[in-house]
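Residue numbers for the sequence shown follow my numbering, beginning at 4 and rising by one. Note that the Cβ used here is the ideal one computed from N, Cα and C, for glycine as well.
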Amino acid sequence: MDIRASRGDAGGLAPAYAAMRARLGLVVTLFALAGLGWLWAGRAMKGMDAGPWSSLGTVAWFLGVWVVMMAAMMLPSVAPTIALFTRLTARSNPLAPWLFVAGYLLTWMAAGLVAYLVGVLASATLGDALRWDHAGRAIAAATLGLAAAYELTPFKDVCLRACRSPLGALLGSWRDGPVGAVKMGVRNGAWCVGCCWALMASLFALGLMSLSWMALVAGLIAIEKTLPWRRVTLGVAGVLLVLAVLLVTAPNALPWLTIPGGPM
């Protein structure tokens, strides 16, 4: 009787170990993809950092770079949610986690398209006002100030809570099937965009093609999503405000800032 019970326990543990290995493999793959994204970004963006309000290029080129950047910056912080989703769906559909990732990145692609259109519209409307030696520095500082203010809003808090509690976010929007996996990825990406759009705007203000600013913003996002304390968002807001003040008063004091028209 004991032997049969032991065999039953072993039989029950085997699927659990298999699911655990699947989740671990997925997380490792996500981090590997993020690492490849960082390597690609480092090569593609080398020598292209023209400082705040850099040229966005063609829409196809921009969206390609943007999606790779988002994969590099966001996949590590969203890995716990994807791992949980894998645990819930791996037996029914092994491809569901990757469909979830595709939906997640699709949302960020849509956000990138909106950012591109805003950039094109701003360039067409403001023209030379965006130049650094005109109003460009003040507009960049104002963008950082807006990002700092957003950190303290209730909407930021709501989106951040959804990002920090993957189980609640998934169960609250559960959809079955392959299409459902994509929709859930899109929904989770929407929470993430709501949480991080202001930090991404600050990246435009500091230099979209700067790997250093990209790493700083990715670090701030990871800290916010990992540490559950309200003081974290206060600290991020403080960092953004300090950057805004330095951008106006002493831009040369920012070691990673490329001043347009000046030395890199």
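Query, Result
"Residue interval of the alpha helix (DSSP H) (run including serine 80)", "62-92"
"Sub-8 angstroms separation of threonine 229 and lysine 159 beta-carbons", "no"
"Segment contact, 8 angstroms Cβ cut-off, at least three pairs: the stretch 52-72 with the stretch 129-140", "yes"
"Where valine 245 falls, given that 16 or more other Cβ within 10 Å makes a residue buried", "exposed"
"First through last residue of the alpha helix (DSSP H) which encompasses serine 126", "99-129"
"Spatial distance of leucine 98 from alanine 114 (CA atoms)", "25 angstroms"
"Separation of asparagine 191 from phenylalanine 103, as counted between CA atoms", "9 angstroms"
"Cut-off 8 angstroms between Cβ atoms - residues of its own chain near leucine 173, not counting five sequence neighbours on either side", "Thr84, Leu87, Phe88, Leu91, Met187, Asn191"
"Alpha-carbon spacing of arginine 7 relative to leucine 27, whole angstroms", "Note that arginine 7 has pLDDT 42, beneath the 50 cutoff, so the model's placement of it is unreliable and the number below is only indicative. Whole-angstrom Cα-Cα distance: 30 angstroms."
"With 16 other Cβ atoms within 10 Å as the buried cut-off, status of glycine 130", "exposed"
"Pairwise C-alpha distance: valine 161 and serine 168", "11 angstroms"
"Arginine 234 to leucine 133 span [Cα, whole Å]", "34 angstroms"
"Spatial neighbours of leucine 170 in its chain, beta-carbon cut-off 8 angstroms, leaving aside the 5 residues before and after", "Leu87"
"Helix, strand or coil at methionine 212 according to DSSP, with G and I counted as helix", "coil"
"For isoleucine 142, the first and last residue of its enclosing alpha helix (DSSP H)", "140-153"
"Validate contact between the stretch 106-113 and the stretch 29-38 using beta carbons, cut 8 angstroms, 3 pairs", "no"
"Check whether alanine 193 and proline 79 have beta carbons under 8 angstroms apart", "no"
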